[in-house]
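No gaps in the numbering here: position 37 of the sequence shown is 41 in this note's numbering, and each next residue is one more.
All C-beta atoms in this analysis are idealised placements derived from N, C-alpha and C, irrespective of residue type, glycine included.
Please read these numbers as outputs of a predicted model, since none were measured by experiment.
The structure appears right after this line, and notes come after that.
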Amino acid sequence: MLDTFQLLGAPSNCHPPEIVPTGLALPERTLEPGQTLYEADRDASSLYVVNHGVLKAVVPTSLGRDRIADLYGPGDILGLSSLDGGRHAETVVAVHDACLTPMDPQQAMNDARL
């Protein structure tokens, strides 16, 4: 039986997209629906390129509820706060099975290919 990951066109093994130079790619991360990639107010230490799947960024409202601030899909880059050593402004959660390629932000900033 096909799982959601296969239905979304994702291969059984996740590979970094061509936009990520091989030397910058860290081991891939896979998330199942509902799993958190990172939480708001935590130190941002990695950039992430979405290879496959869908993720949502949520922020709290003044009433204490979560509001969807953005949706991310293949080719999107998350974790930009890591470029200046900041903290995440949002919590990012997988909506569908997802595969991401983490990158070290300092190496990415120093790589002329990006």
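Check, Outcome
"What are the complete alpha helix (DSSP H) segments, minimum 4 residues, inside the segment 45 to 70?", "none"
"Can you tell me whether A93 is helix, strand or coil according to DSSP?", "coil"
"Identify the residues that DSSP records as bridge partners of L82: which are they?", "Y52"
"Using C-beta distances below 8 Å, list every residue in its chain close to I72, excluding the 5 sequence neighbours before and after it, in chain order.", "K60, A61 and V62"
"In angstroms, rounded to a whole number, what distance separates the CA positions of T34 and G79?", "15 Å"
"Helix or strand or just coil, what does DSSP make of T8?", "Confidence in T8 is poor, its pLDDT being 38 and thus under 50, which makes the residue's placement unreliable; the coordinate value appears in the next sentence. Three-state result, T8: helix."
"Could you check how far apart the C-beta atoms of A93 and S85 are, in whole angstroms? I think they sit under 8 Å.", "7 Å"
"Given a threshold of 16 other Cβ atoms within 10 Å of its Cβ, counted over all protein chains shown, does M113 qualify as buried or as exposed?", "exposed"
"Indicate the three-state DSSP secondary structure (helix, strand or coil) for L87 in the structure shown.", "helix"
"Let's test the definition: count the other Cβ atoms within 10 Å of the Cβ of T95 and tell me whether it reaches 16, buried, or not, exposed.", "buried"
"Rounded to the nearest angstrom, how far is the Cβ of V58 from that of V99, given a contact under 8 Å?", "4 Å"
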